[in-house]
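These notes are about the structure you will find just below.
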Amino acid sequence: MKRLASHFIILLSIFLCFAWVLSNCSANKISSTPSKPYKYYLTHIHPDFMVKPDEAYQWHLDKDKEGPTYSGNASWKKLMTFLESKLKAYGVVDLTKNRWTYNRWFTSDWPDDKNWTLISNGEPMKVASYGAYSGSTDANGITAELVYYNPAAPPSSIRGKIAVLTTAPHPDPPLTEDYKKWFTLNDYEYLSDPETFPPMFRKFPLNQSLAYDVWWQLRQTVRINGILTKGQAAGGVVVFNMPYDRLAGLYTFPIPVLYNVPSLYLDRKAGAKVINDAKQGKLATLRLMAKVEPTETYQLIGYLPGKHYGTAKDEKILLIAHTDGPCLSQDNGAFGLLGIVAYFSHIPQMERPRTLMILMDNRHYMPGMEKAFEK
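This is the structure:
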């Protein structure tokens, strides 16, 4: 009898524990049920509909671990597989892949600099980065005379030589409209702390942000690449007004079409030595081992359907971000789209007045960028 009573107590305890778990689960479910109509949460945030910070952070960690996601490379393919699986889980339908093949140029990525080296007047230099789609050399590199290119007094010829160029300093006021457009703070709304921002359309102080200075110098590679190509240089060395740690691994942007003048990027310290050698016409050996291979890539397109999806009444809101890049915050924009889709997936389809059309683009860091692949 004691044994029977003991078994009864054990079974009762298990039942009560199970009932407690179920009641808690039920309570959690009820607590996350919207207290207002779903329509309200189209324009007001429901915290439980949001992607949790830890999950979003993990997305970024996993992507960063794989390195740059250049369109069609292994890291990019892994990212796209992840994005597609999450979109499906959030209820996105009619997923389509707009595929094509392009010639992808690539070399080793920082901090692996084994494929890009420079020896100036017999001294190995610390190379910070390389010119993407600038061409390539064999394992021995190119040995040629250095020549310094001063735009104010250009040399008579750079043909067959390794030309050394520097980025230009920021202009003094009055600033041109083009400079204001690209390199100043000029477009922000609804700031919660406007007093912490500098005035618009002014040169941005370096002690507040380096982004505009990086962009100012990096965009000059368009002009520099043109000089190297037109002058038929054997190679190019671009000296940036940056310390090594800021320039290291910086990827070329805008992305040029392959121009076949192998180029390397140096910080101002290493660059000072090479500029001096160039002014004296010393010899240098530039090495940039790269490959070009046909690579399949695609745009991923899908729809989180609204209540009129598939009918003439349907209206669509386009969400677009690029998925390719050198592992910058901007090529994580696809995660932002995931967050938006995740939120609205909690609202039933019949409560969604419009369809969300998702376009994961792949052309931002391809040669010639979006315009080269418009068709």
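Mapping of the sequence shown onto this note's numbering: residues 150 to 524, in sequence order. The beta carbon of each residue, even a glycine, is placed where N, CA and C say it ideally should be.
Measure the alpha-carbon distance for residue i versus residue j and round it to whole angstroms.
i, j, result
"Tyr206", "Lys235", "15 Å"
"Ser305", "Val296", "10 Å"
"Leu407", "Lys520", "15 Å"
"Leu449", "Met229", "8 Å"
"Tyr239", "Leu467", "17 Å"
"Gly430", "Trp364", "31 Å"
"Arg253", "Tyr514", "10 Å"
"Ser269", "Thr256", "22 Å"
"Ala301", "Leu314", "12 Å"
"Ile307", "Lys226", "41 Å"
"Tyr187", "His193", "10 Å"
"Asp213", "Asp261", "16 Å"
"Ser172", "Glu233", "In this prediction, Ser172 scores a pLDDT of 34, lower than 50, which makes its location untrustworthy; the coordinate-derived value is nonetheless stated afterwards. Approximately 35 Å between the Cα atoms of the pair."
"Gly420", "Glu272", "13 Å"
In terms of residue numbering, what span does the beta strand (DSSP E) encompassing residue i cover?
i, result
"His471", "465–471"
"Arg436", "432–437"
"Gly130", "A question about residue 130 goes unanswered here, because the residues of the chain that appear run from 150 up to 524."
"Tyr282", "Careful: Tyr282 lies outside any beta strand (DSSP E) and carries neither H nor E."
Quick one: does the C-beta of residue i sit closer than 7 Å to a heavy atom of the ligand ATP?
i, result
"Pro183", "As presented, the structure is devoid of all ligands, the ligand ATP included, so that no description of it is given."
Which stretch, first to last residue, makes up the alpha helix (DSSP H) that contains residue i?
i, result
"Tyr393", "393–396"
"Glu326", "326–332"
Starting from residue i, follow its DSSP beta bridges and name the residues at the other end.
i, result
"Asp510", "His471"
"Gln448", "Asn247"
"Asn425", "According to DSSP, which records beta bridges pairwise, Asn425 is partnered with nothing at all."
"Val296", "Ala312"
"Thr460", "DSSP, once it has assigned bridges, lists no residue as partnering Thr460."
"Lys352", "Thr333"
Leaving out the 5 sequence neighbours to the left and right, which residues in its chain are closer than 6 Å to residue i when beta-carbon positions are compared?
i, result
"Leu399", "Ser278"
"Thr434", "Ile268, Gly290, Thr292"
"Asn374", "Pro405, Tyr408"
"Ala470", "Gly482, Ala483, Leu486"
Whose CA, out of the options, lies closest to the CA of residue i?
i, options, result
"Asp197", "Asp336, Phe493, Gly517", "Phe493"
"Thr131", "Asp213, Tyr452, Ile496, Gly482", "With the chain running from 150 to 524 in the structure shown, residue 131 is simply not present."
"Ala288", "Pro411, Ile496, Ile489", "Pro411"
"Tyr393", "Ala461, Val276, Ile376", "Val276"
"Thr182", "Ile496, Phe353, Leu244, Val371", "Ile496"
"Met391", "Asn247, Leu437, Arg417", "Arg417"
"Phe350", "Trp331, Gly482, Ala223, Thr446", "Trp331"
"Tyr361", "Lys329, Ile376, Gly375", "Lys329"
"Glu445", "Lys246, Gln357, Tyr190, Lys185", "Lys246"
"Met199", "Arg512, Gly485, Asn511", "Gly485"
"Pro475", "Glu204, Asn356, Lys201, Tyr219", "Tyr219"
"Gly280", "Pro273, Asn264, Gly271", "Asn264"
Excluding the 5 residues flanking residue i on each side, which residues of the same chain have their C-beta closer than 7 Å to its C-beta?
i, result
"Glu338", "none"
"Phe402", "Leu367"
"Val94", "Outside the shown range of the chain, which is 150 to 524, sits residue 94, and nothing can be said about it."
"Ala317", "Gln369"
"Tyr458", "Tyr452, Thr504"
Residues in the same chain with beta-carbon distance under 8 Å from residue i, minus the five sequence neighbours each way, listed in chain order, please.
i, result
"Lys456", "Gln498, Met499, Glu500, Arg501, Pro502"
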